[in-house]
Structure formats: C-alpha cells, structure tokens
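Here's the structure we're looking at; comments come further down.
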Amino acid sequence: MGNFGRGQLVTVFGGSGFIGRYVVRRLAREGWQVRVAVRRPDQALFCKTAGQVGQVVPVAVNVRDQASVRAAVSGASAVVNLVGILFQGGPQRFDAVQAQGAANVAAASAAAGVRALAHVSAIGADPQSPAAYARSKAAGEANVAKAFPAATILRPSIVFGPEDEFFNRFAKMALLSPALPLIGGGTTRFQPVYVLDVAEAIARAIENPEAHAGKTYELGGPRIYSFRELMTLMLAEIGRKRCLCSLPFALASLQGAVLQSIPFMRPALTVDQVKLLKRDNVVGPQAAGFAALGITPTALEPILPTYLDRYRPHGYYSRA
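Those letters in the sequence shown? Residues 215 to 534, per this note's numbering, in order.
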C-alpha cells in the first residue's frame with residue numbers, strides 16, 4: 215500500500231455512523247488526518263478519540279448541499295462516502311441522499327483534485343429493483359462513476375458488529391415479544407459481513423487507488439444464511455426461546471404501510487423494506503470481493519457472543 219495516506223487528509227462522509235466509526239479508527243491508526251463530515255458534529259465528538267489530539271476533526275456537512283460538500287473535500291487527498299438512509303422522512307429522501315448526494319460528493323471530489331474516492335453502496339443496487347432504496351443506490355453508483363470514473367464502489371451485504379441495526383434490532387424484539395416475524399417465510403438469503411472487514415476493504419481501496427480504480431467489489435462473509443437461520447442463531451446466542459412465525463409478504467406490506475405512516479416515529483418496518491426482502495442479499499457469482507482485496511472475511515459465529523450478551527437473561531454472566 216506504500217506511504218499514501220500517512221499525514222494526508224481524508225474526508226469521511228457519514229464517519230460517525232456504524233461503519234464510519236470503524237473506518238475513521240482504521241484510517242487514524244495508519245496516520246491519516248481524518249475529517250469526519252456529518253450533519254451533527256456535536257454527535258460525532260466521540261470520533262476524536264480514534265486518533266491523537268487534532269488528528270480527527272468533525273465538521274458540519276449535508277450531502278444535499280453542494281457548497282458544504284465542496285468545503286468538506288477541500289484539501290483532501292481521499293474521500294469516503296458512507297452516507298445512506300434506511301427509510302425516508304422529511305427532506306431525507308432516497309434520491310436526494312443516495313443518488314444526488316452521491317453525485318455531489320463525487321463531483322466535488324473530482325473538482326478538488328482528490329486522488330481516491332471510495333463510495334459505499336449495497337448489494338442489491340439495481341435500477342430495475344422494485345424497491346426505491348435499491349434503485350437510488352444504483353443511481354448513486356451511476357452518478358459516482360460518471361463524475362469520478364476512478365472511484366471504487368463497495369457493496370456490502372448486511373453488516374454485523376456491536377452497533378449493527380440487524381441483530382441488535384431483533385434481539386431487542388426478542389426481549390419484548392413472544393414471537394418474531396419471518397417475512398416471506400424467512401427464506402431470503404443473506405451473507406453477513408463483519409464491520410471491521412468492511413472498514414479494512416474501504417481503507418485498502420483508498421490507500422492503493424491505482425489498483426482499485428473504477429472497480430466494484432461485493433462484500434459478503436464466508437457463509438450464506440437464510441433469514442430463519444439467522445434468527446435461530448441469534449436466539450440461541452441470547453438464550454431465549456421465541457416462536458418464529460411466517461409472515462406473508464402481502465401482510466408484511468400492509469403492516470409496513472401502517473408503521474411508516476405513524477408521525478414522529480422511526481418505523482420498525484416499511485413497504486420498501488418488504489420489497490427488498492423479496493430478493494436475496496448475497497455476493498454475485500461473478501463479482502469481485504474480499505479475495506481481490508487480499509482480505510479473508512470473518513465468520514459470524516465467533517463475533518455474535520462479543521456484543522449480544524446484554525440480551526441474555528442474566529447478561530454477560532449467562533450461558534446461552
């Protein structure tokens with residue numbers, strides 16, 4: 215990877231999020247000066263502890279605002295874009311954030327003479343997808359490739375780790391409910407990928423830009439699981455027995471329509487998320503992945519016990 219990066223500035227959009235905090239930590243450890251570009255810098259102050267005094271600096275930016283994006287990339291040698299949303303609300307729309315926002319970051323990076331750009335998308339990004347989320351991800355990729363042809367695009371499957379939105383969400387549900395829903399019967403397949411592996415892939419993409427310029431990598435763990443298998447594994451880990459109830463897609467869509475219409479609440483399920491679950495979320499058979507980046511992905515089973523213990527009947531001291 216050479217010396218590219220040490221002492222140079224990298225701007226990480228969405229650097230205080232789940233994946234972002236690990237990217238910031240990885241880059242700071244290798245000597246980068248890290249600018250954490252987020253909407254609420256006051257909520258990203260914890261990122262500063264990832265480096266030495268003054269090495270990691272949160273700044274205010276909104277990817278929907280071109281002027282703030284240009285300011286955030288000024289002077290940067292590399293840029294990472296991790297910004298994304300799981301549901302729409304107010305001005306935070308899929309197209310505005312994941313399509314146009316990606317275009318803003320890529321165009322500003324090109325204009326600023328940035329050497330490397332890593333854009334994080336998602337497996338399932340498809341302009342023909344029935345889900346607006348996946349269509350906007352595909353549009354974002356296309357916009358990035360047009361504005362910054364040398365960008366590296368990374369598409370992870372569901373990402374697991376201490377702050378994840380997947381296992382923590384369902385483990386919390388298991389504390390309160392005697393049953394967990396298996397939308398579509400739980401047959402949708404996933405390839406869970408460890409957050410530290412994703413962070414390493416992003417870092418390698420920008421630290422060796424010539425090798426990864428213009429390439430797309432799909433990031434999945436070493437094993438594929440059905441939704442039912444993942445719920446069974448999670449319940450075994452937290453030591454709780456719950457009924458796994460199949461929920462037809464049609465009924466789940468109706469439930470999502472009701473939940474997403476409740477004002478001032480983060481919806482537990484949306485119609486668009488149900489549409490996403492109709493397609494498997496696994497690495498394509500011809501896609502380049504971790505092997506092309508020189509990374510061996512981490513298995514799920516050894517990691518889950520390190521952060522799901524809080525959901526066990528007696529916490530850390532339980533035996534799941």
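Where a beta carbon is used, it is the ideal one built from N, C-alpha and C, also for glycine.
In the DSSP output, what is His333 paired with across the bridge? On the sequence shown, position 119 is the one that residue 333 refers to. The secondary-structure analysis by DSSP pairs His333 across a beta bridge with Asn295, Ile367.
- Leaving aside the five residues before and after Ala352 along the sequence, list all residues of the same chain whose C-beta is less than 6 Å from its C-beta, in chain order. The residue given as residue 352 occupies position 138 in the sequence shown. Excluding its 5 nearest sequence neighbours in each direction, Ala352 has C-beta neighbours in its own chain below 6 Å: Ala339, Asp340, Pro341, listed in chain order.
Requested in this report: Kindly give me the distance between the Cβ atoms of Pro376 and Ala336, rounded to whole angstroms, as I take these residues to be in contact under 8 Å.
Outcome: Position 162 of the sequence shown holds residue 376. Position 122 of the sequence shown holds residue 336. Rounded, the Cβ-Cβ distance is 20 Å, inconsistent with contact.
Original post:
To the nearest whole angstrom, what separates the beta carbons of Ile416 and Val294, a pair I think is in contact under 8 Å?
Top reply: Along the sequence shown, read from residue 1 onward, the residue named residue 416 stands at position 202. Along the sequence shown, read from residue 1 onward, the residue named residue 294 stands at position 80. Sure, about 6 Å apart at Cβ, within 8 Å.
(Q) Between Ile438 and Gln405, how many whole angstroms is the CB-CB distance? I'm expecting something under 8 Å. (A) On the sequence shown, residue 438 is found 224 positions in, with the first residue counted as 1. On the sequence shown, residue 405 is found 191 positions in, with the first residue counted as 1. Indeed, because the Cβ distance is near 5 Å, the residues count as touching under 8 Å.
(Q) Check this for me: beta carbons of Asn357 and Ala330, under 8 Å apart or not? (A) Sequence index remark: in the sequence shown, residue 357 carries index 143 (1-based). Sequence index remark: in the sequence shown, residue 330 carries index 116 (1-based). It is not a contact, given that the beta carbons lie outside the stated cut-off.
*State the beta-bridge partners of Cys457 as determined by DSSP.*
The count along the sequence shown starts at 1 and reaches residue 457 at position 243. Beta-bridge pairing links Cys457 to Ala393.
Next item on the list: Would you mind stating whether Gly435 and Val407 have Cβ atoms separated by less than 8 Å?
Entry: Locating residue 435 in the sequence shown gives position 221, counting from the first residue. Locating residue 407 in the sequence shown gives position 193, counting from the first residue. The answer is yes: Cβ separation under 8 Å.
* Counting only the same chain and skipping the five closest in sequence on each side, list residues whose C-beta sits under 7 Å from that of Pro481. => By one-based count along the sequence shown, residue 481 stands at place 267. The answer, listed in chain order, is Phe301, Leu473, Gln474.
Kindly indicate if chain C contains any beta-carbon less than 8 Å away from that of Val277. Judged by its chain identifiers, the structure shown contains no chain C, having just a single protein chain.
Measuring CA to CA, which of Leu522, Leu396, Ala264 is closest to Leu461?
-> In the sequence shown, residue 461 corresponds to position 247, counting from 1. Of the listed residues, the one whose Cα sits closest to Leu461 is Leu396.
Cα-Cα separation between Phe384 and Arg307, rounded to whole angstroms: The count along the sequence shown starts at 1 and reaches residue 384 at position 170. The count along the sequence shown starts at 1 and reaches residue 307 at position 93. Cα to Cα, Phe384 sits roughly 25 Å from Arg307.
task = Sort Phe227, Gln269, Tyr530 by Cα distance to Asp279 and report the nearest one.
result = Taking the first residue of the sequence shown as position 1, residue 279 is located at position 65. Asp279 has its Cα closest to that of Phe227, out of Phe227, Gln269, Tyr530.
Taking contact to mean 3 or more Cβ pairs, one atom from each stretch, closer than 8 Å, check whether the segment 445–458 and the segment 259–273 are in contact.
Counting Cβ pairs under 8 Å, fewer than three are found: no touch.
### Task
List the whole-angstrom C-beta distance separating Ala364 from Gly428, where the pair is believed to meet the contact cut-off of C-beta under 8 Å.
By 1-based counting over the sequence shown, the position of residue 364 is 150. By 1-based counting over the sequence shown, the position of residue 428 is 214. Correct: roughly 6 Å between the Cβ atoms.
- Item | Rounded straight-line distance, which links the Cα of Leu522 to that of Phe380 | As a first step, residue 380 must be located in the sequence shown, where it is residue number 166. As a first step, residue 522 must be located in the sequence shown, where it is residue number 308. Cα to Cα, Phe380 sits roughly 12 Å from Leu522.
Practice problem: Give me the Cα-Cα distance between Ala464 and Ile476, rounded to the nearest whole angstrom. | Solution: The residue you call residue 464 lines up with position 250 of the sequence shown. The residue you call residue 476 lines up with position 262 of the sequence shown. If you take the alpha carbons of Ala464 and Ile476, they lie about 19 Å apart.
Do Ala292 and Val224 have their C-beta atoms closer together than 8 Å?
One-based indexing of the sequence shown puts residue 292 at position 78. One-based indexing of the sequence shown puts residue 224 at position 10. Against a cut-off of 8 Å, the Cβ pair of Val224 and Ala292 comes out as a contact.
Exercise for review: Output the distance between the C-alpha atoms of Ala534 and Leu447, rounded to the nearest integer angstrom.
Suggested key: Here the question's residue 534 lines up with position 320 in the sequence shown. Here the question's residue 447 lines up with position 233 in the sequence shown. Below a pLDDT of 50, predicted positions are generally treated as unreliable, and Ala534, at 44, falls in that range; no measurement from the model is reported.
Just verifying my parser: in three-state terms, what is the DSSP assignment at Asn495? If you number the sequence shown from 1, residue 495 lands on position 281. Asn495 falls in the strand class under three-state DSSP.
query = Whose C-alpha, out of Tyr530, Glu244, Ala359, is nearest the C-alpha of Thr430?
reply = As a position in the sequence shown, residue 430 is number 216, starting the count at 1. Ranked by Cα distance from Thr430, the first of Tyr530, Glu244, Ala359 is Ala359.
key: Integer Cβ distance of Cys261 from Val238, believed to fall under 8 Å   = Taking the first residue of the sequence shown as 1, we reach residue 261 at position 47. Taking the first residue of the sequence shown as 1, we reach residue 238 at position 24. About 5 Å; that satisfies the 8 Å criterion.
* **Rounded straight-line distance, which links the Cα of Arg249 to that of Leu390** => Taking the sequence shown and counting its residues from 1, one reaches residue 390 at position 176. Taking the sequence shown and counting its residues from 1, one reaches residue 249 at position 35. Linking Leu390 to Arg249 through their CA atoms gives a straight-line distance of about 40 Å.
Exercise for the section: Provide the residue span of the alpha helix (DSSP H) that contains Arg235, from first to last. Expected result: Counted from its first residue, the sequence shown places residue 235 at position 21. If you look at Arg235, you'll find it in the alpha helix (DSSP H) that goes 232–243.
- Task: Report back the beta-carbon spacing between Leu296 and Gly231 to the nearest angstrom; my notes put them in contact at under 8 Å.
- Result: The residue given as residue 296 occupies position 82 in the sequence shown. The residue given as residue 231 occupies position 17 in the sequence shown. Confirmed, Cβ separation roughly 6 Å.
Item to complete: Could you check which residue in Ser323, Arg418, Thr401 has the C-alpha nearest to that of Glu244?
Response: Working through the sequence shown from its first residue, we reach residue 244 at position 30. Nearest neighbour of Glu244 by Cα position, chosen from Ser323, Arg418, Thr401, turns out to be Arg418.
Backbone secondary structure at Phe218 - three-state DSSP: Along the sequence shown, one-based indexing puts residue 218 at 4. For Phe218, the three-state secondary structure derived from DSSP is coil.
- Query: So what does DSSP say about Val485, is it helix, strand or coil?
  - Reply: On the sequence shown, residue 485 is found 271 positions in, with the first residue counted as 1. The answer is helix: DSSP assigns Val485 an H, G or I state.
| So, using beta-carbon positions, are Val409 and Phe374 closer together than 8 Å? | In the sequence shown, residue 409 corresponds to position 195, counting from 1. In the sequence shown, residue 374 corresponds to position 160, counting from 1. Yes, these two residues count as a Cβ contact at 8 Å.
Quiz item: Does the distance from the C-beta atom of Glu355 to that of Ile372 stay below 8 Å?
Solution: In the sequence shown, counting from the first residue as 1, residue 355 sits at position 141. In the sequence shown, counting from the first residue as 1, residue 372 sits at position 158. No. Outside cutoff.
Could you tell me which of Ser282, Trp246, Ala264, Arg240 sits nearest to Val252, measuring between CA atoms? Looking up residue 252 in the sequence shown gives position 38. Taking only the C-alpha atoms, the option nearest Val252 is Ser282.
Residue ranges of each beta strand (DSSP E) within the segment 395–481, 3 or longer | Whole beta strand (DSSP E) segments, 3+ residues: 430–433, 457–461.
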